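Okay, so here's the structure we're looking at.
Numbering (our numbering), first residue to last: -15 to 234.
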């Protein structure tokens, strides 16, 4: 509910006074900040003995290794500022992010910029209509050992990044063009975008515990399947005529 999540809601922004429901929009009016100057919204400073990157907009911070921001020749126009701040906000509270919009709107540039200022790595995984859950999570490879055929479970890089036993919160997983995913694959990856779920069911029947990981999905089409979104991730929408940040919480 809006009341229960009031602390989280303080970091969220709505652009151009547009929201799906008018009554929700009214609740957010005091939180809207649409006047940030056209420059990077981030700065670094020492806090608690640790170098951190802070957002001028949300006030959130993330620990980093450098005491200054990386040099950039990017043009910080308002839609781009809002996109990088949405990504930063998601990373700071470990909330999955879905970036939706046409190609060429700067989604990948925004992800890479945020990764660069934090010193994070980016792992891209392209999705197509032929991609299966096995491709994403694991492979069961037949191997002959001592004359006997054995099936060896081999975890993927993505699984190693999200597994609680080996997760890496200094890496951003980017699933590219999930709009091309089959219904079966969407079912498999939906728990990755649901922060209320603590486990993931693998194709081989194993259940793994989710760790602290960062994941962003790129949805190229304008149409959206709520099956992947649920209520526990938030989504940044870009279009030719408007820029809207939509956040969904229970």
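A virtual CB, placed ideally from N, CA and C, is assigned to each residue, including glycine.
Just so you know, these numbers come straight off a predicted model, no measurement behind them.
Please report the straight-line C-alpha distance between residue i and residue j, rounded to a whole angstrom.
{"i": "residue 55", "j": "residue 199", "result": "25 Å"}
{"i": "residue 122", "j": "residue 175", "result": "16 Å"}
{"i": "residue 36", "j": "residue 111", "result": "33 Å"}
{"i": "residue 192", "j": "residue 143", "result": "9 Å"}
{"i": "residue 51", "j": "residue 139", "result": "36 Å"}
{"i": "residue 78", "j": "residue 129", "result": "42 Å"}
{"i": "residue 32", "j": "residue 49", "result": "14 Å"}
{"i": "residue 114", "j": "residue 131", "result": "34 Å"}
{"i": "residue 59", "j": "residue 90", "result": "11 Å"}
{"i": "residue 167", "j": "residue 73", "result": "29 Å"}
{"i": "residue 17", "j": "residue 23", "result": "Because the pLDDT at residue 17 is just 48, under 50, the model does not fix this residue reliably, and the value given afterwards should be weighed accordingly. Going from the Cα of residue 17 to the Cα of residue 23 covers about 15 Å."}
{"i": "residue 178", "j": "residue 82", "result": "12 Å"}
{"i": "residue 9", "j": "residue 65", "result": "Here residue 9 scores only 46 on pLDDT, less than 50, and its place in the model is too uncertain to base an answer on."}
In the DSSP output, which residue or residues are listed as bridge partners for residue i?
{"i": "residue 97", "result": "Per DSSP, none; premise fails for residue 97."}
{"i": "residue 185", "result": "191"}
{"i": "residue 160", "result": "110"}
{"i": "residue 140", "result": "Answer by DSSP bridge pairing: none, since residue 140 is not bridged."}
{"i": "residue 198", "result": "156"}
Less than 8 Å between the CB atoms is what I'm expecting for residue i and residue j, so what's the real figure, rounded?
{"i": "residue 87", "j": "residue 158", "result": "Their Cβ separation, rounded to whole angstroms, is 15 Å, which puts residue 87 and residue 158 out of contact at 8 Å."}
{"i": "residue 25", "j": "residue 41", "result": "5 Å"}
{"i": "residue 94", "j": "residue 68", "result": "5 Å"}
{"i": "residue 53", "j": "residue 116", "result": "In fact, because the Cβ distance is near 40 Å, the residues do not count as touching under 8 Å."}
Should the stretch 137 to 151 be regarded as contacting the stretch 91 to 103, the criterion being three or more beta carbon pairs within less than 8 Å? The stretch 137 to 151 vs the stretch 91 to 103: no contact.
Contact between the stretch 180 to 198 and the stretch 120 to 137 is defined here as three or more beta-carbon pairs at a separation below 8 Å; is this criterion met? Here the stretch 180 to 198 lies against the stretch 120 to 137, with 3 or more beta-carbon pairs under 8 Å apart.
Which runs of the beta strand (DSSP E) fall wholly inside the stretch 102 to 136 and span at least 3 residues, in chain order? With a minimum length of 3 residues, the continuous beta strand (DSSP E) runs that stay inside the stretch 102 to 136 are 105 to 110 and 122 to 129.
Within the stretch 26 to 85, note down every full alpha helix (DSSP H) run reaching 4 residues or more, in order along the chain. Given a length threshold of 4 residues, each whole run of the alpha helix (DSSP H) inside the stretch 26 to 85 is given here in chain order: 62 to 76.
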